[in-house]
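Visitor: Residue numbers (the working numbering): 16 to 492.
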Amino acid sequence: MSLRKQALSGIVWTYSQQFGGQLVTFLVSLILSRVLIPEEFGLVGMLTVFVGIGTVLFDGGLTSSLIRTKELDAADYSTVFYFNFACSVLIYLILYISAPFIADFYHQPQLELIARIYGLTFIITAFGAVQNTILTKELKFRKQALITISSLIISSTCGITLAFLKYGVWSLVIMAVVNAFINSLLLWLTTGWYPIRVFDREKFNNHFHYGYKLTLSGILDIIFTNIYQIIIGRVYSPTQVGYYARANSLMMLPVGNISGALNRVVFPIFSKIQDDIPKLKAAYKKIMLMVLFIITPAIVFMAVLAQPLIIFLFSEKWLKMVPIFQIICLTGVLYPIHMYNLIILQVVGKSDLFLKLEVFKKIIVVIILPISLYFGFYGLLWGQLISSVLALFINTHYAGKILTYSMFAQLKDLLPVFLFALISGLIIYLIDRQLIEQSNIIRLATGSILGLSTYILISWAFKFESLADIRNFILKK
16 MSLRKQALSG
26 IVWTYSQQFG
36 GQLVTFLVSL
46 ILSRVLIPEE
56 FGLVGMLTVF
66 VGIGTVLFDG
76 GLTSSLIRTK
86 ELDAADYSTV
96 FYFNFACSVL
106 IYLILYISAP
116 FIADFYHQPQ
126 LELIARIYGL
136 TFIITAFGAV
146 QNTILTKELK
156 FRKQALITIS
166 SLIISSTCGI
176 TLAFLKYGVW
186 SLVIMAVVNA
196 FINSLLLWLT
206 TGWYPIRVFD
216 REKFNNHFHY
226 GYKLTLSGIL
236 DIIFTNIYQI
246 IIGRVYSPTQ
256 VGYYARANSL
266 MMLPVGNISG
276 ALNRVVFPIF
286 SKIQDDIPKL
296 KAAYKKIMLM
306 VLFIITPAIV
316 FMAVLAQPLI
326 IFLFSEKWLK
336 MVPIFQIICL
346 TGVLYPIHMY
356 NLIILQVVGK
366 SDLFLKLEVF
376 KKIIVVIILP
386 ISLYFGFYGL
396 LWGQLISSVL
406 ALFINTHYAG
416 KILTYSMFAQ
426 LKDLLPVFLF
436 ALISGLIIYL
446 IDRQLIEQSN
456 IIRLATGSIL
466 GLSTYILISW
476 AFKFESLADI
486 RNFILKK
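#1: Can you look up W493 in the DSSP assignment and give me helix, strand or coil?
#2: With DSSP as the reference, label G69 as helix, strand or coil.
#3: Between the alpha carbons of W397 and C344, how many angstroms are there, rounded?
#4: Just confirm the distance between the C-beta atoms of A178 and L51, as a whole number of angstroms; I'd bet it's less than 8 angstroms.
#5: Excluding the 5 residues preceding and the 5 following A89 in the sequence, name in chain order all residues of the same chain whose CB lies nearer than 6 angstroms to its CB.
#6: May I ask which residues mark the beginning and end of the alpha helix (DSSP H) holding I443?
#7: Are there 16 or more other CB atoms within 10 angstroms of the CB of L360, so buried, or fewer, so exposed?
#8: May I ask you to report which of helix, strand or coil DSSP gives H122?
#9: Please state the DSSP three-state secondary structure of M354.
#10: By the 10 Å Cβ neighbour count, where 16 or more other Cβ atoms means buried, how is F137 classified, buried or exposed?
#11: In whole angstroms, what is the alpha-carbon distance linking G183 and I175?
#12: Give the DSSP-derived three-state secondary structure of Y251 in the structure shown.
#13: Would you mind working out which of Y97, T206, L304 sits nearest L426, comparing C-alpha positions?
#14: Look at the Cβ atom of V363, then the Cβ atom of I417, and state whether they are nearer than 7 angstroms.
#15: Let's see if you can read the secondary structure: which residues bound the alpha helix (DSSP H) around Y389?
#16: Drop a sphere of 10 angstroms on the beta-carbon of Q449, count the other beta-carbons inside from all chains shown, and report buried for 16 or more, exposed for fewer.
#17: Taking all protein chains shown into account, do 16 or more other C-beta atoms lie within 10 angstroms of the C-beta of M16, making it buried, or fewer, making it exposed?
#18: Using beta-carbon positions only, say whether S199 and G143 come within less than 7 angstroms of one another.
#19: Let me know if H222 comes out buried or exposed under the rule of 16 or more other beta-carbons within 10 Å of its beta-carbon.
#20: Using 7 angstroms as the threshold, is the C-beta distance between V315 and G462 below it?
#21: Could you tell me how far apart the beta carbons of F214 and Y97 are, in whole angstroms, since I believe they sit closer than 8 angstroms?
#22: Please classify T240: does DSSP put it in a helix, a strand, or coil?
#23: As a quick exercise: from I378, K301, I339, P323, pick the residue whose alpha carbon is nearest that of S481.
#24: For Y389, count neighbouring Cβ atoms within 10 angstroms of its own Cβ and tell me buried if that reaches 16, exposed if not.
#25: Using beta carbons (cut-off 7 angstroms, strictly below), is I234 in contact with chain C?
#26: Within the continuous alpha helix (DSSP H) that includes V315, where are the two ends?
#27: Relative to the C-alpha of L409, which candidate in E331, V306, A260, F369 has its C-alpha closest?
#28: Would C173 and V193 be called neighbours here (beta carbons separated by less than 7 angstroms)?
#29: Can you determine whether any heavy atom of the ligand MG sits closer than 6 angstroms to the C-beta of N263, and answer yes or no?
#30: Taking its Cβ as the centre, do 16 or more other Cβ atoms sit within 10 Å of S474, making it buried, or is it exposed?
#31: Mapping DSSP to helix, strand and coil, what is T3?
#32: Cα-Cα, which of I309, F308, L334, H224 is closest to L320?
#33: Pick helix, strand or coil for F408, following the three-state DSSP scheme.
#34: How about N356 and A424: are their beta carbons less than 7 angstroms apart?
#35: Extract the residue ranges of the alpha helix (DSSP H) inside the stretch 154 to 235, only unbroken runs of 4 or more that lie entirely within it.
#36: Find the nearest neighbour of K498 within the set F100, L372, S387, judged by alpha-carbon distance.
Okay, here's the thing in C-alpha cells:
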C-alpha cells in the first residue's frame, strides 16, 4: 500500500476511533454531569497532573523512539516493554507513598485513597503501551479504533451504573481503572505480540538517548498544562476545579477529535519523509491549514453560543462555567499550531532543542503565573492565554527554520481562517441576541446553521484552498 493510501486509511480509522471514543465519552459525561456534582469532577481533576506525570515517566519517551526508528527487532520491543513495566511499578509506589501529602496539599482527605486506586492505571496501561505502539508504527489504526471504543463502552457502563448507585466520585475512578484494564487486555489479545526474555542494554541506550529528552519535555508540559488546576484546587475549591476541568474538556472536544486524532497518523507519516524537507513542508502546510480550517470555526461558534450550549448539555448547575469556557476557547484555537510545530522537531530528531524550548516556555509561565494570580481566578485564565501566545511565537520560529517556513509565513497562511471564523462568529452573536428568549436548542441550531453556512460561503467566495482539499478528500473516500 502506498504512503498516501496508508495515510488516508490511517486518518479514516483514527478519526473513527477518536470520534467514536469521544462520542461515547461525551454522552457519558452528559449523563454523569447531571448525576454528579462539580466538586466530584474536581476531586479527580486535582489528580490529573500526578497521573499525567506518571504516564510520561513510565514511557520514558521510548515508544516515540520506536515509532521513528526504521529498523527494529523483537529485542527493541521487549527492552522497551520491560523498562515501561518496571518504571510503572516504581511510579505507582511513589504515588502510593505520596498520597497522604497530596491530600494534605489540597486539604481533601478523601484524595488519599482516590489517588492510590486511580494510580493503578499506571501499571495497567504500561502492560499495553508497546502493543499499542506496534499498531501505530504499522499503521493498523482499525484495530486501535475497535479496541479503544470497546474499552470505553465497557468502562462507561460501569461508571454510569456506579453513579446511579450513589458511588459519587468513585464512579469516575473505577471507570478509569476499568478502561485501562480492558484496553490493555484487548491489545494483548489482538496484536499477537508478546515480550521475549531479552533486555538489550545497547538498544535501550539508543532509544533512551532520544526518548529521555522528550520525557523531560513531557513532564514539564504536563506540570505546566495542569498547573492551573493545581493552583485553583489549592487556592480556591474542588468545585472551581470541576468547572475548569469540564470547560477544558468541552473545548478539547473538537480540538482533540480533529488535531489529536490526526496527530497519531501524522507522526509516523512525517517520520517516513523526515529526510525530504520540501515534501515534509508541503505535507505540514496542507495538514495544518485543513485542521485549522475545521477547528477554528468550531471553537468560535462554541464560545459565542456558550450559554445555551452549557445549559443544554450539562444543566443550569454548570452555568458558572460559561465565562471560564469562553476564555479557554481562545487558548484552544492555538493548540493545533503548537502541536504540529512540535511534531516537526520530533520527527527530525531535534529532541534536545525540543527540551530546551520547553524549559524556556515554562520559565515564561513561571513569570506570568504569579502576576496573573494577583488578578484572581479569571486573571489566571487570561495569563494562561498570554503564555500560550508567547509560546506560539517560539514554536513556530524554530520549526519554521527547519522547514524554511517562517513564523510570519505560517501566520499569514492561517490569517484567512481566523478572519472567516470571526466574521461568522459575529453574525452568530448578532442573531443570537435576537433569540435570547427562545429555547436553548433553537438558539444552538439557528446559530450553528447560519454560522456554518456563512463560513463555507465566505471560504468558497475567496476560493480558499483548504475547502477544496477537504472536499476532494471526502469525495476520494
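Built from N, CA and C at the ideal position, the CB exists for glycine as well.
Guide: Put simply:
#1: Examination of residue 493 is not possible in this model, given that the chain is present from 16 through 492 alone.
#2: helix
#3: 11 angstroms
#4: 6 angstroms
#5: Closer than 6 angstroms at the Cβ level, and outside the excluded window around A89, lie I211.
#6: 422 to 449
#7: buried
#8: Residue state for H122 is assigned as coil, using DSSP reduced to three classes.
#9: helix
#10: Buried: at least 16 other Cβ atoms inside 10 Å.
#11: Rounded to whole angstroms, G183 and I175 show a C-alpha spacing of 10 angstroms.
#12: coil
#13: L304
#14: Yes, these two residues count as a Cβ contact at 7 angstroms.
#15: Run containing Y389: none; DSSP gives neither H nor E here.
#16: exposed
#17: At M16, the pLDDT of 49 sits below 50, so the modelled position is not reliable; the number obtained from the coordinates is stated separately. So M16 counts as exposed.
#18: yes
#19: buried
#20: no
#21: The beta carbons of F214 and Y97 sit about 5 angstroms from each other, so the pair counts as a contact at 8 angstroms.
#22: helix
#23: K301
#24: exposed
#25: No chain C is part of this structure, which consists of one protein chain only.
#26: 292 to 319
#27: A small correction: the amino acid at residue 409 is Ile; Leu does not occupy that position in the sequence shown. Comparing Cα-Cα distances from I409 to each of E331, V306, A260, F369, the minimum goes to F369.
#28: yes
#29: The ligand MG is not among the ligands present in this structure, which contains no ligands whatsoever.
#30: buried
#31: Look at the range of the chain in this structure, 16 to 492, and you will see that residue 3 is not part of it.
#32: L334
#33: helix
#34: no
#35: 156 to 179, 184 to 206
#36: This structure cannot settle anything about residue 498, because the visible part of the chain is limited to 16 through 492.
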